[in-house]
Amino acid sequence: MKQELGRYLRDNPSYSTSNSQVKVPIWFTWRCPPNGWVCLNTDGSVFKNHRTRCNRGPCGGLVRDSLGCFLGGFVVNLGATSVILSELWGVVHGLKLAWDLGCKKVKVDIDSGNALGLVRNGPVANDPTFSLVFEINGLVRRDWLVEFSHVFRESNRAADRLAHLGHSHSSELGVKRFSEPPSAITDILRDDLAGVVKQRGVA
Numbered sequence: 001m002k003q004e005l006g007r008y009l010r011d012n013p014s015y016s017t018s019n020s021q022v023k024v025p026i027w028f029t030w031r032c033p034p035n036g037w038v039c040l041n042t043d044g045s046v047f048k049n050h051r052t053r054c055n056r057g058p059c060g061g062l063v064r065d066s067l068g069c070f071l072g073g074f075v076v077n078l079g080a081t082s083v084i085l086s087e088l089w090g091v092v093h094g095l096k097l098a099w100d101l102g103c104k105k106v107k108v109d110i111d112s113g114n115a116l117g118l119v120r121n122g123p124v125a126n127d128p129t130f131s132l133v134f135e136i137n138g139l140v141r142r143d144w145l146v147e148f149s150h151v152f153r154e155s156n157r158a159a160d161r162l163a164h165l166g167h168s169h170s171s172e173l174g175v176k177r178f179s180e181p182p183s184a185i186t187d188i189l190r191d192d193l194a195g196v197v198k199q200r201g202v203a
């Protein structure tokens, strides 16, 4: 990332870092976890239902091994929820899936900085996220290694697609797991394996 930024600044001497309106193009791709680890990508997706005037949304995610092979995935229709709660629910269900798959070393990649901060800092009393963060911490304390990382959405496309897939099953509350990758994400899985990069503008 730093190399790309340096290249851009050299090629564009008129760029000023004090100009917050200018975005620097940075390229991102999904990366396989180290040998012996799996990568869990999760995401949430919330849309406002204009008829009921409440936010409804699913979460989704998937687990891949160090070769990029799909091990399992999930979509959960949460019903009425918020953005941050959908992100945290994604982590909960993703960790449960990874545990059920027998994974012992899990790298969790999420694109929500707010959710990551809550997970790392621990539950906050009287906060709506308390019970979910508490549950995540309990899952992490099991007999395995779990590491969390923040990624940009461009590196989290498969989980993002799965989360959005839940909107097409909005009448079906509950968890749906996949032992084989749904056709909706096969193109992204191929791109990720090939190391296809996606551009993002970063201020």
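Numbering-wise, full-length UniProt numbering puts 99 at position 99 of the sequence shown, and it's gapless, one number per residue.
Heads up, the beta-carbon is just placed ideally off N, CA and C, and yes, glycines get one too.
Computed from a predicted model, the values in this text were never measured in an experiment.
Taking the alpha helix (DSSP H) that residue i falls in, what are its first and last residues?
i      : result
ALA163 : 157–165
VAL92  : 83–100
THR186 : 186–194
ASN35  : No alpha helix (DSSP H) holds ASN35; DSSP gives it neither H nor E.
What distance in whole Å lies between the Cβ atoms of residue j and residue i, which are believed to be in contact at a cut-off of 8 Å?
i      : j      : result
ALA159 : THR42  : 5 Å
ALA163 : CYS59  : 5 Å
LYS104 : TRP144 : 5 Å
PRO123 : ASN137 : 7 Å
LEU116 : HIS150 : 5 Å
Tell me which same chain residues have a C-beta within less than 8 Å of the C-beta of residue i, skipping the five on either side of it?
i      : result
TRP89  : GLY44, CYS59, VAL76, LEU78, THR81, LEU132
ARG120 : PHE148
GLU135 : VAL92
GLY174 : VAL76, ASN77
THR17  : Interpretation of THR17 is limited by its pLDDT of 46, a score under 50 that renders its predicted location unreliable; the figure taken from the coordinates is listed afterwards. Cβ within range, chain order: n/a, list empty.
ASN55  : VAL46, PHE47, LYS48, ASN49, ALA80, THR81, SER82, VAL83
GLU180 : PHE70
LEU118 : ILE84, LEU88, VAL124, THR129, VAL133
Going along the chain, which residues of its own chain have a beta-carbon closer than 7 Å to the beta-carbon of residue i, five neighbours each way excluded?
i      : result
VAL140 : VAL146
GLY57  : GLY44, SER45, VAL46, PHE47, LEU78, THR81, SER86
ARG64  : VAL38, CYS39, PHE70, LEU71
VAL196 : THR29
Report all residues from its chain with a CB closer than 6 Å to the CB of residue i; omit the five preceding and five following residues, and keep chain order.
i      : result
PHE178 : GLY73
GLY36  : LYS105
GLN199 : PRO25, TRP27
LEU165 : VAL75, ALA184
LYS176 : VAL75
SER112 : GLU87
Tell me where the beta strand (DSSP E) around residue i begins and ends.
i      : result
ASP111 : Run containing ASP111: none; DSSP gives neither H nor E here.
PRO25  : 24–28
GLY73  : 70–80
VAL175 : 174–178
Original post:
Does the stretch 26–46 come close enough to the stretch 146–159 that 3 or more CB-CB pairs lie under 8 Å?
Top reply: Contact holds between the stretch 146–159 and the stretch 26–46, because three or more Cβ pairs, one in each stretch, are under 8 Å apart.
**OP:** Please determine if the stretch 80–98 and the stretch 185–197 are in contact, where contact requires at least 3 C-beta pairs separated by less than 8 Å.
**Re:** Judged by Cβ distances under 8 Å, the stretch 80–98 makes no contact with the stretch 185–197, as fewer than three pairs qualify.
Original post:
So does the stretch 93–106 actually touch the stretch 124–131, counting three or more Cβ pairs closer than 8 Å?
Top reply: Flag = no, the stretch 93–106 and the stretch 124–131 do not touch.
Subject >> Start-end ranges of the beta strand (DSSP E) lying completely within the stretch 118–163, minimum 3 residues >> reply: Those beta strand (DSSP E) runs which fall completely within the stretch 118–163 and span 3+ residues are 145–150.
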